[in-house]
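K.L.:
One structure coming up, written as structure tokens, with questions to follow.
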Amino acid sequence: MQTVERALELYGAPVYVRKEIVHNKHVVEQLRARGAVFVDSETVVFSAHGVAPSVHANSAVRGLHTIDATCPLVTKVHVEAKKFAAEGYTIVLVGHAGHEEVEGTMGEAPDRIVLIENEADVDALEVTDPAKVAYISQTTLSVDETTAIIDRLRERFPAIIGPRTDDICYATTNRQAAVKQLARECDLVLVIGSRNSSNSNRLVEVAREHGADSYLIDNEAQVREEWLLGKRVVGITSGASAPEELVQRLVEFFRQRGTSEIRELEVVQEDVRFMLPKAIRQALAASSA
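Under the numbering used here, the residues of the sequence shown are numbered 1 to 289, in order.
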């Protein structure tokens, strides 16, 4: 998000972005209002979900000035895919068909990557050499569901190898852990996030699996009165790319309805920070020189 904001400051509107920079309606609309244009073809800023090598190649052929805003955790998965492919492995990608991140990752080695979405896909999977199988995963999946799928892969292919560290994003993992605890204490969990946000949808699923009613909303205006009937404790959380502003607006919505007891549930502190893309850092340095 900062990459697009800085690009607008440095180069002015319009700045073209391939796909939605993050899956959050509020963020996308704010950036669009400032001059960002979100399109499906090769463009200037590549989204956090990553792109296939063919997109980089097409952009180079067209002479486009590209800024790669791919999340470093997604880049890690791309590196793993290339490594396993170079070593001759059949690569099993655990993910959701049609998601931009999956499309970008599969583009790294389309002839060697097989997509699976559930344990049934594992049971139906046929590979050329069961001794040369590796797995990677989309970064925004359900931790519990992905663990079950990987366990099933290991049962079917005892020699299977995987990444040195978990592919699922730390923000996704932390939020799911927090929602598990939140759901046990609440009658209702409201998740702020957009419909096409994988990690936001997973939070709703986790809350429901752990005993609470749960709904996905873009903002406080989408809260429905029937959801609140008979509810004593309401939990609020958000997807990884939802701005804190939306969380506070939802808190204020309940405060104005007479809620007096409001407390934060902190399960883990996050201190991970990522650098802006090199092209943006260099341009900022040049503009301030």
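Glycine is no exception: its CB is placed at the ideal position from the N, C-alpha and C atoms.
It should be emphasised that the depicted structure is a prediction, and the values quoted were computed from it without experimental measurement.
1. From this set, Gly193, Val267, Ala134, Asp151, which residue's C-alpha is nearest Ile161's C-alpha?
2. Would you list the one or two residues that DSSP bridges to Gly235?
3. Candidates Val143, Arg154, Ser194: which alpha carbon is nearest Cys169's?
4. Could you give the DSSP three-state label for Tyr170: helix, strand or coil?
5. Check for me: the alpha helix (DSSP H) holding Tyr291 runs from which residue to which?
6. How many angstroms separate the CA atom of Ala69 from the CA atom of Pro277?
7. Under 8 angstroms Cβ to Cβ from Ser287, same chain only, skipping five residues before and after it: list those, please.
8. Are there 16 or more other CB atoms within 10 angstroms of the CB of Gln282, so buried, or fewer, so exposed?
9. Measuring straight from C-alpha to C-alpha, what distance separates Arg6 and Asp151?
10. What's the call for Glu80, buried or exposed, on a 16-neighbour Cβ count within 10 Å?
11. Residue range of the alpha helix (DSSP H) that Phe38 falls in?
12. Between the C-alpha atoms of Leu203 and Pro243, what's the straight-line distance to the nearest angstrom?
13. Under a three-way DSSP split, which group does Ile149 fall into?
14. For Ala178, collect the residues of the same chain with a Cβ closer than 6 angstroms to its Cβ; drop the 5 residues on either side in sequence, then sort them by chain order.
15. What residue range is occupied by the uninterrupted beta strand (DSSP E) comprising Leu93?
16. Can you list, in chain order, the residues of its chain with a C-beta nearer than 8 angstroms to that of Ala48? Leave out the 5 residues immediately preceding and following it.
17. Going along the chain, which residues of its own chain have a beta-carbon closer than 7 angstroms to the beta-carbon of Gln181, five neighbours each way excluded?
18. So, is Phe46 buried or exposed, given that buried needs 16 or more other C-beta atoms within 10 angstroms?
19. Using 8 angstroms as the cut-off, can you tell me whether the segment 25 to 41 makes contact with the segment 90 to 100, which would need three or more C-beta pairs spanning the two stretches below that distance?
20. Report the three-state DSSP secondary structure of Val55 (helix, strand or coil).
21. Looking at C-alpha atoms only, which residue of Arg255, Val272, Ser238 is the closest neighbour of Asn201?
22. Return helix, strand or coil for Leu216, following the three-state DSSP convention.
23. Checking 9 angstroms against the spacing of the C-beta atoms, do Thr173 and Val127 come in under that value?
P.N.:
Considering the structure as presented:
1. Per the Cα distances, Ala134.
2. Gly235 pairs with Val189.
3. Per the Cα distances, Val143.
4. Helix, per DSSP.
5. Since the first and last residues shown for the chain are 1 and 289, residue 291 lies out of range.
6. Ala69 and Pro277 have their alpha carbons spaced roughly 6 angstroms apart.
7. Excluding positions up to five away in sequence, the list reads Leu10.
8. It is exposed - the Cβ of Gln282 has fewer than 16 other Cβ atoms within 10 Å.
9. Roughly 43 angstroms separates the two Cα atoms.
10. By the neighbour-count rule (16 or more Cβ atoms within 10 Å), Glu80 is buried.
11. Element bounds for Phe38: not the alpha helix (DSSP H) but the beta strand (DSSP E), 36 to 39.
12. Between Leu203 and Pro243, the C-alpha separation is close to 16 angstroms.
13. In the structure shown, Ile149 sits in a helix (DSSP, three-state: H, G or I).
14. So the list reads Val267, once near-sequence residues are dropped.
15. It spans 90 to 94 - the beta strand (DSSP E) in which Leu93 sits, taken as one unbroken run.
16. Sequence-distant Cβ neighbours of Ala48 in its own chain, meaning closer than 8 angstroms and more than five residues away, are Ile21, Val22, Ala69, Thr70, Cys71, Val74, Ser241.
17. Correct list, in chain order: Leu265, Val267.
18. Its Cβ being crowded by 16 or more others within 10 Å, Phe46 is buried.
19. These segments do not touch.
20. Reduced to three states, the DSSP call for Val55 is helix.
21. Looking at the Cα atoms, Ser238 is the closest of the given residues.
22. Three-state result, Leu216: strand.
23. Contact flag unset, no.
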